[in-house]
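Visitor: Residue numbers (our numbering), protein chains in the order written: chain A, 1 to 377; chain B, 1001 to 1377.
Structure in structure tokens, see below.
Number of protein chains: 2
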Amino acid sequence: MKEINSIGIVKSKIFKCTDPIKLSCGMTLDNFELIYETYGKLNKNKDNAVLVCHALTGNQHVAGRHKKTDKHPGWWDSLVGPSKPLNTNKFFVIGINNLGGNEGSTGPKSINPKTKKVWGSSFPIITVEDWVKTQKTLINYLGIQKLSSVIGGSLGGMQALEWNLQFPNEVKNTIIIAAAPNLTAQNIAFNEVARQSIITDPDFQKGNFYTKKNKPKRGLRVARMLGHITYLSNDAMKSKFGRKKQNKDYQYNFNTEFEIESYLNYQGDKFAKEFDANTYIRMTKALDYYDPTKQNKKKLSGVFKKIKSKFLVISFTSDWRFSPSRSKEIVKSLLDNNINVSYAEISAESGHDAFLMSDDHYHEILNSFFKNIFKSK
Amino acid sequence: MKEINSIGIVKSKIFKCTDPIKLSCGMTLDNFELIYETYGKLNKNKDNAVLVCHALTGNQHVAGRHKKTDKHPGWWDSLVGPSKPLNTNKFFVIGINNLGGNEGSTGPKSINPKTKKVWGSSFPIITVEDWVKTQKTLINYLGIQKLSSVIGGSLGGMQALEWNLQFPNEVKNTIIIAAAPNLTAQNIAFNEVARQSIITDPDFQKGNFYTKKNKPKRGLRVARMLGHITYLSNDAMKSKFGRKKQNKDYQYNFNTEFEIESYLNYQGDKFAKEFDANTYIRMTKALDYYDPTKQNKKKLSGVFKKIKSKFLVISFTSDWRFSPSRSKEIVKSLLDNNINVSYAEISAESGHDAFLMSDDHYHEILNSFFKNIFKSK
């Protein structure tokens, strides 16, 4: 089904924003570029737009392929396409690479127009609030007054939530998957270990490595390996790898001995070649900082008072990075405000990564939610 | 109570073994030294000896202080001392630094007598089986034929179990705490990330850094920070740190922003100054390799057939590194063989680290088990 209903060949576009934007950190960016993709057609009433917010290392390439020969389609291709749950025959779907991102939006490896030099370490830390603000400029540019839906998993779910706090009148439906209202101490701890691995890599050069011979690959590699452990459940690792070895007998050296080691090393190597270290550490900071309760100064239920959209919240039983109990915090605070919310806790073995997979139950729920949105337009 | 019943000032001793020992990896060590400590007195019948096996980064200094001014006592001082659960008025307690260890036993930073140079990277990978074999040489040297008990937590628990497989007639009681019969894929994954962090540190120099200016502190630091996350439960981190910040407002930089970050960085720095990187990676390998089922070639119940000692197995509810279900695998296989086993799953918030703490319920169980051993002698 997946390939039959593929959106086909797609192309990224550039949106150049020349309006200055004030960031959470206090700095003002005079202008910036955002890379985005769209699938399907915006209808006459411009009321069928769905914004897809990406997670930690995601990007604008949500569905389809850039070239016929691309090995993999966009990261949420299982969900987005003709006759797929997020049906591009009905909806106008927007994928975006967030400010500071890795895929071409203005970020640490861009040129700072003021200095004519690469931003590098001087590129600011961007927050979820900043992303939503910049996403809104793109939505305005596309002539959309109100989003039919905003959807995101993990860090993307935080952006979907934030849309409701910053622009409650500009979003009609919100889908939050495998997310949390803020990070736990354990979540922050994993992020900090990843950051320290990168920052203390001698090749990181305090973030100004773009003109140097080496990139801080080894720090980024370890950070990604660690990340992967938290994306998978204990049970998924057990079924997939268990104690399977590479060789019949133990080698008694420090080469990879077990298949799980080989998998992690492969993932780490691949990522370290492709991803920008400055972007990675900033993305983890955006996660750490997000907190609609403003460090418990406000109650989540109180913050949610202004929300007007309809919600679907989805969690996965084996997700220990953003466990179902964190999704329930969101659901509870929505219910406290009599907001229309559906909630599903999907039985899935794959852990946090489940939000990227095409579990039947999960996709049926999304399918039915989007069908209903389309019908009730 | 703790300081009143302290064992007081203690001194480490050296045992020089001149009998060659064949290691699991195939190499033969012609001679080696083990650092150990003893507390209490060996009785006339020499049947009151308790061997304490240490975990990943532990050592021979189990209880008391080396100097009056020592900031901290030995690592299991809460458990071992006069009138403590492992009562040194009754038992002769032996602490040992394992072969390859950090505290003076023959290891990577020792001189290889054959080459007259530091072992460094050429020091072999030592297994749990090797440790038990070398521990037995010390026990023989002390004139003990049969241990009253062998006790250990985590990796120490694996050694306690292995004593029963290698020397079933030489151990009367076994106490296994917060352990597992072998590592899961997730356990191995965390170890591999720690190893990669160390091995890819440019200062590691393939393990031959002893004569160089710098030690591989940054890799070891990240490895320890990661380890700490797995020693604590999610709930313990939440109670202790939550989202508490270092400053009133966000700083929007890469300095430590949250208290949990500051804690981890402190722990990482401290450890990287004190511990040997070559020892650390070898200790994690010993964990990975241990598997009495020989990669499922044998059933645990089958392997346990030869066991003769009485068991106490203890797990902690919030331990996600070695969860109660792993302890239950041991208990079940003991029960399959009609072995006398007591099992307690202690309600504790602190996670894997709970085995080092002095929870009342936990210590009462140990106290009663040891009292009973003493009575039935």
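Note that beta-carbon positions come from the ideal geometry of N, C-alpha and C, so glycine has one too.
Note that the structure is predicted; figures quoted are calculated from it, not measured.
Could you check whether the Cβ of arginine 1195 of chain B sits closer than 8 angstroms to any Cβ belonging to chain A?
Guide: Yes, arginine 1195 of chain B lies at the interface with chain A (some Cβ there is under 8 angstroms from its Cβ).
Visitor: Nearest CA to the CA of phenylalanine 1204 of chain B: which residue from B/Gly1100, B/Asn1278, B/Asn1097 and B/Asn1367?
Guide: Measuring from the Cα of phenylalanine 1204 of chain B, the nearest candidate turns out to be B/Asn1278.
Visitor: Report yes or no: do the region 1157-1167 of chain B and the region 231-241 of chain A share at least 3 C-beta pairs separated by less than 8 angstroms?
Guide: Touching, no, given that fewer than three Cβ pairs across the two stretches are closer than 8 angstroms.
Visitor: In chain B, which residues lie with their C-beta within 7 angstroms of the C-beta of glutamine 186 of chain A?
Guide: Chain B residues near glutamine 186 of chain A: Ile1229, Asn1234 and Met1237.
Visitor: Tell me the residue span of the alpha helix (DSSP H) that contains alanine 189 of chain A.
Guide: Note, alanine 189 of chain A: alpha helix (DSSP H), 185-199.
Visitor: Is lysine 215 of chain A buried or exposed, if buried means 16 or more other CB atoms sit within 10 Å of its CB?
Guide: Buried, because 16 or more other Cβ atoms sit within 10 Å of the Cβ of lysine 215 of chain A.
Visitor: Taking valine 341 of chain A as part of the alpha helix (DSSP H), name the residues at either end of that continuous run.
Guide: It is not in any alpha helix (DSSP H) - valine 341 of chain A instead sits in the beta strand (DSSP E) that spans 341-346.
Visitor: In angstroms with no decimal places, state the Cα-to-Cα distance between glutamate 1345 of chain B and lysine 310 of chain A.
Guide: Between glutamate 1345 of chain B and lysine 310 of chain A, the C-alpha separation is close to 44 angstroms.
Visitor: In chain order, what residues of the region 273-293 of chain A put their CB closer than 8 angstroms to some CB of chain B?
Guide: Within the region 273-293 of chain A, the residues whose Cβ lies closer than 8 angstroms to some Cβ of chain B are Ile281, Lys285, Asp288, Tyr289 and Asp291, listed in chain order.
Visitor: Taking DSSP's pairing of strands, which residues face leucine 29 of chain A in a bridge?
Guide: Paired residue(s): A/Ile21.
Visitor: Check the Cβ of cysteine 25 of chain A against every Cβ in chain B and list those closer than 7 angstroms, keeping chain order.
Guide: Those within 7 angstroms of cysteine 25 of chain A in chain B are Tyr1252.
Visitor: Secondary structure at asparagine 169 of chain A, three-state DSSP: helix, strand or coil?
Guide: Correct three-state label for asparagine 169 of chain A: helix.
Visitor: If you follow the beta strand (DSSP E) that valine 313 of chain A is in, where does it begin and where does it stop?
Guide: Valine 313 of chain A -> beta strand (DSSP E) spans 310-316.
Visitor: Going along the chain, which unbroken runs of the beta strand (DSSP E) with 3 or more residues stay wholly within the region 1128-1170 of chain B?
Guide: Whole beta strand (DSSP E) segments, 3+ residues: 1147-1153.
Visitor: Let me know the secondary structure DSSP gives lysine 1297 of chain B once reduced to three states.
Guide: Lysine 1297 of chain B: coil per DSSP, three-state reduction.
Visitor: So, for isoleucine 1188 of chain B: in the same chain, excluding its five sequence neighbours on each side, which residues have a beta-carbon less than 6 angstroms away from its beta-carbon?
Guide: Result list for isoleucine 1188 of chain B: Asp1288, in chain order.
Visitor: Just curious, the alpha helix (DSSP H) that phenylalanine 271 of chain A is in, first and last residue?
Guide: Run containing phenylalanine 271 of chain A: 259-274, per the alpha helix (DSSP H) assignment.
Visitor: DSSP has lysine 371 of chain A in a bridge; who is on the other side?
Guide: DSSP lists no partner for lysine 371 of chain A.
Visitor: Buried or exposed: where does phenylalanine 316 of chain A fall if 16 or more other Cβ atoms within 10 Å of its Cβ makes it buried?
Guide: So phenylalanine 316 of chain A counts as buried.
Visitor: Under the assumption that phenylalanine 355 of chain A contacts alanine 178 of chain A (Cβ atoms under 8 angstroms), give the Cβ distance between them as a whole number of angstroms.
Guide: Sure, about 4 angstroms apart at Cβ, within 8 angstroms.
Visitor: Buried or exposed: where does proline 1073 of chain B fall if 16 or more other Cβ atoms within 10 Å of its Cβ makes it buried?
Guide: With 16 or more other Cβ atoms within 10 Å, it is buried.
Visitor: Does the CB of methionine 1 of chain A have a neighbour CB from chain B at under 8 angstroms?
Guide: Its pLDDT being 41, under 50, methionine 1 of chain A is placed unreliably in this model, and the value from its coordinates should be taken loosely. No - not a single Cβ of chain B is within 8 angstroms of the one on methionine 1 of chain A.
Visitor: When the distance is taken between beta carbons, is leucine 1034 of chain B closer than 8 angstroms to serine 1110 of chain B?
Guide: Cβ distance not < 8 angstroms, so serine 1110 of chain B and leucine 1034 of chain B don't count as in contact.
Visitor: Starting from the C-beta of asparagine 1089 of chain B, find all residues in its chain whose C-beta is less than 6 angstroms away, skip the five residues before and the five after it, and write them out in chain order.
Guide: Cβ within range, chain order: Pro1082.
Visitor: With DSSP run on the structure shown, which of helix, strand or coil describes threonine 1282 of chain B?
Guide: It is arginine, not threonine, that sits at residue 1282 of chain B in the sequence shown. In this structure, arginine 1282 of chain B counts as helix in the three-state DSSP scheme.
Visitor: Whole angstroms are fine: how far does the CA of tyrosine 343 of chain A sit from the CA of phenylalanine 370 of chain A?
Guide: Rounded to the nearest angstrom, the two C-alpha atoms are 14 angstroms apart.
Visitor: For threonine 134 of chain A, which residues from the same chain have a beta carbon less than 8 angstroms from its beta carbon, with the 5 sequence-adjacent residues on both sides left out?
Guide: Cβ within range, chain order: Cys17, Ile21, Phe32, Leu34, Asn98 and Leu99.
Visitor: By a C-beta neighbour count over all protein chains shown, 10 Å radius and 16 as the cutoff for buried, is threonine 256 of chain A buried or exposed?
Guide: Result: buried.
Visitor: I want to see whether chain B comes within less than 8 angstroms of glutamate 33 of chain A, judged by CB atoms only; does it?
Guide: Chain B, which has no Cβ nearer than 8 angstroms to the Cβ of glutamate 33 of chain A, makes this no.
Visitor: Taking contact to mean at least 3 C-beta pairs separated by less than 8 angstroms, is the region 51-66 of chain A in contact with the region 144-154 of chain A?
Guide: Output reads yes: the region 144-154 of chain A touches the region 51-66 of chain A.
Visitor: Tell me the DSSP bridge mates of leucine 51 of chain A?
Guide: The partner list for leucine 51 of chain A (beta bridge, DSSP) reads A/Ile94 and A/Val150.
Visitor: Note down the Cα distance separating alanine 1194 of chain B from glycine 1107 of chain B, rounded to an integer number of angstroms.
Guide: About 20 angstroms.
Visitor: Determine whether the beta carbon atoms of glycine 145 of chain A and lysine 308 of chain A lie at a separation below 8 angstroms.
Guide: Rather than glycine, the amino acid found at residue 145 of chain A in this sequence is glutamine. Their beta carbons are not under 8 angstroms apart, which means glutamine 145 of chain A does not touch lysine 308 of chain A by this criterion.
Visitor: Would you check if the distance between the CB atom of isoleucine 1009 of chain B and the CB atom of glycine 1064 of chain B is smaller than 8 angstroms?
Guide: Yes.
Visitor: Tell me whether threonine 284 of chain A counts as near the ligand ATP, meaning its Cβ is closer than 7 angstroms to at least one heavy atom of that ligand.
Guide: With respect to the ligand ATP, the structure shown offers nothing to examine, as it has no ligands at all.
Visitor: How long is the line joining the alpha carbons of lysine 377 of chain A and asparagine 87 of chain A, rounded to whole angstroms?
Guide: Whole-angstrom Cα-Cα distance: 15 angstroms.
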